[in-house]
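Going by numbering that gives the first Met the number 0, 35 is the number at position 36 of the sequence shown; the sequence numbering is gapless. We put the beta carbon where it would ideally sit given N, CA and C, even for glycine. Bear in mind that the values here come from a model prediction, so they are computed numbers and not experimental data.
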Amino acid sequence: MAKRDVLNHVYACIGTMRSRGDKLNVQKVAVAAGVARATLYLPDPDWQEVREVIKGKPSLRVKLVEIEVTEASRVKRKAAELHERVASAEGEIQAIRKDAERIYRKLVDQLQYYVALAAETPAKTANRAKQLKEAGHDKQEIKRLRAEVAMLQHQVRAAPAEPAALTTKRYITLPTSSSWADTLASFMDQLAEVIPDDPVAKTIGAVYVLCGLPMAGKTPWATGHKSGVSGVTLYVDGTAHTAEQRRFIADRLRKLTKAPIHCVRLRADGPTCVARSGRKHRGAAHIEVQDAIEKIAAEFEEVSLIEAFNSIVLA
């Protein structure tokens, strides 16, 4: 259970920040309250409630600081109401997504059942026809069963040798121009949305952590990739250009899922990525991307076989 004084202080900070019209996230609240970000991510129900309040859930524990009601404050209050409505809609989307994942698993189970049934039924029906013939059963029944056997055998021959894996894709897209602290906060927030609970975690079939410079082709690779496993395939689309970043991402994912985690190394070098940026961007936008490419290239630490990945994919 969270300490009451720490919890009350955090709620007070949330109230103060909301009264100023600040946009809240876990990182900003942790800094304002003077507590470790890891504390706010604890699985304790009290801290889970705090995270929901940060996302916009109404709470009687948040005491807004009284401020003068001016035209500007009314606009901020209206924006806060809209934010709460968006948060509520996001909650409904999460519920719909959970239902979709549950239905998806049922469909996979049904497909496997009918594939197995199609493989077994011809042999069983043929055996029954043989027994009826030996017992002197009606010849019309034997004829019907033989026709059924022929039809089922034709269906089995026409079916693919193995059914294609049913899979869906989920993406976590990390910013490239921000600090590692902001990138980390973005990763944690998106991870909590993609894998909100254990039932959803169990649907993850594989995880791919993309590693490379900006404009190296990470997003097209993830979009065009075809996973060979059933379930949800999760792609973490960011530069992941240091061993520390990759270790943190892999460790956090392994706490939530037992699925294999692969590192995809996009090997396009700095000049190639800068040239791609020049074809896509112009003016200040190109200069900003070029600066990010050069900065990340200078800090880049190559992926090692000793890192905690099930495999390293070179692309």
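- In the structure shown, Ile141 falls within a helical segment according to DSSP collapsed to helix, strand and coil.
- Taking the Cα of Ala37 as reference, the smallest distance to any Cα among Leu233, Met187, Arg60 and Val273 is reached at Met187.
- Within the model, the alpha-carbon separation for Thr222 versus Met214 is close to 14 Å.
- Going by DSSP, Val231 is part of the beta strand (DSSP E) stretching over Gly230 to Asp236.
- Distance from the Cα of Leu209 is smallest, within the candidate group His224, Pro195, Leu190 and Leu265, for Leu265.
- Counting other Cβ atoms within 10 Å of its Cβ, Leu173 reaches 16 or more and is therefore classed as buried.
- Inter-segment contact for the region 234–245 and the region 293–300 is present: three or more beta-carbon pairs are separated by less than 8 Å.
- Here Leu209 carries a strand assignment [DSSP, helix/strand/coil].
- With respect to the C-alpha of Ile292, the residue from Ile260, Gly237 and Arg76 having the closest C-alpha is Gly237.
- Non-local C-beta neighbours of Pro259 in its own chain, meaning closer than 6 Å and more than five positions away in sequence, comprise Ala205 and Asn309, ordered along the chain.
- Our two residues, Ala274 and Leu183, have alpha carbons roughly 29 Å apart in a direct line.
- Val52 carries a helical assignment under DSSP once its states are collapsed to helix, strand and coil.
- Excluding residues up to 5 positions away in sequence, Thr232 and Tyr234 lie with their Cβ nearer than 7 Å to the Cβ of Lys168 in the same chain.
- Non-local beta-carbon contacts of Arg60 in its own chain, meaning distances under 6 Å to residues more than five positions away in sequence, involve Tyr10 in chain order.
- For Ile305, the secondary structure class from DSSP, reduced to helix, strand or coil, is coil.
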